[in-house]
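**Student:** Pasting a structure here, questions to come.
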Amino acid sequence: MPNIGRRTALRLVAGASLAAVGGLAVTAQPAQALQHLWGTCTRCRILWFTGNGTRGGCPAGDILDGGHHFLGIDWMLKTVDDGGAGQSGWQWCGYCQALWFTGNGTSGACPSHPNGHWPAGPSGGPSTVYILEDITNRDRPGGASGFRFCIKCNGLWDAVNNTLYTNNVCPLDRRPHTLWGSGNYVLRRFGSTR
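Below, the structure written as structure tokens:
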């Protein structure tokens, strides 16, 4: 998963702004060091990384390959390197491609592996650690709230864009995800300002 930290992006922007074109300094655009290509699955409602050329594993199943179905909204996540307000401890699962919370000491339930989620990153290395804002702990107003942590699978799911909470499937028991014990997390669309 491609990822560039805020410091690296700021260094690149600073270097570009020093370049001279025809004797004039080039004015760089503000750095945006957030990772995008995160999408919601229309079938299980989990947040998953869409940028790996695979649809991962969806607990709702699929007639083609068992993968997630992209809802069409490109969400962006900030990493620990980006800093800011929110809850740390979120990682990407190399098996099902979902975002999951590692901070409660369990690997949760993964639809693609019987032993739970696996914090994988590029080339099999460790996953980037992400920070999620919630409605009481965020960098600024705005964003889309209604994303919830499911204590059964440790995944982040969209509790708003489904029909009466029935269009979602938890990989632990193939029943709906739960809201129990979850904060109200906020995601921002790719391209929106921070």
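Using UniProt numbering, you'd call the opening residue of the sequence shown number 1 and step up by one each time. Where is the CB? At the ideal position from N, CA and C, for every residue including glycine. This structure is a prediction, so every number in the text was calculated from the model and none was measured.
1) Taking the alpha carbon of Gly86 as the point to measure from, which residue in Gly191, Val186, Phe190 has its own alpha carbon closest?
2) In chain order, what residues of the same chain lie with their CB nearer than 6 Å to the CB of Leu77, ignoring the 5 residues before and after it?
3) Where does Val80 sit, in a helix, a strand or coil, going by DSSP?
4) Check whether the segment 48–65 and the segment 78–98 are in contact - that is, three or more C-beta pairs closer than 8 Å.
5) State the Cα-Cα distance for the pair Gly56 and Gly67, rounded to the nearest angstrom.
6) So, with DSSP's three-state summary, where would you put Asn137?
7) Please report the residue range of the beta strand (DSSP E) in which Ile144 lies.
8) I'd like the span of the beta strand (DSSP E) that includes Asp158, first residue to last.
9) Could you give the C-beta distance for Trp180 and Thr128, rounded to a whole number, given that I count them as a contact under 8 Å?
10) By the three-class DSSP mapping on this structure, what secondary structure does Asn172 have?
11) Who does Ala120 pair with in a DSSP beta bridge?
12) Determine whether the beta carbon atoms of Arg189 and Asp74 lie at a separation below 8 Å.
13) Quick one: using the 10 Å Cβ neighbour count with 16 as the cut-off for buried, is Asn154 buried or exposed?
14) Among Gly191, Gly183, Phe149, which residue has its Cα nearest to the Cα of Pro176?
15) Cα-Cα, which of Pro171, Cys41, Thr178 is closest to Pro114?
**Tutor:** The structure says:
1) Checking every option, the nearest Cα to that of Gly86 belongs to Val186.
2) So the qualifying residues of the chain are Gln35, Trp38, Tyr130.
3) Helix, per DSSP.
4) The segment 48–65, when compared against the segment 78–98, does touch it at the 8 Å Cβ threshold.
5) Our two residues, Gly56 and Gly67, have alpha carbons roughly 5 Å apart in a direct line.
6) Secondary structure at Asn137: strand, using DSSP grouped into helix, strand and coil.
7) Per the sequence shown, residue 144 should be read as Ala rather than Ile. Following the DSSP letters along the chain, one finds Ala144 inside the beta strand (DSSP E) bounded by residues 144–149.
8) Per DSSP, Asp158 belongs to the beta strand (DSSP E) from 156–158.
9) The pair is not a contact, with the Cβ atoms about 28 Å apart (cut-off 8 Å).
10) Per the sequence presented here, residue 172 reads as Leu, with Asn not at that position. Coil.
11) Beta-bridge partners assigned by DSSP to Ala120: Pro126.
12) Contact flag set, yes.
13) Flag for Asn154 reads buried.
14) Comparing Cα-Cα distances from Pro176 to each of Gly191, Gly183, Phe149, the minimum goes to Phe149.
15) When only C-alpha atoms are compared, the closest one is Pro171.
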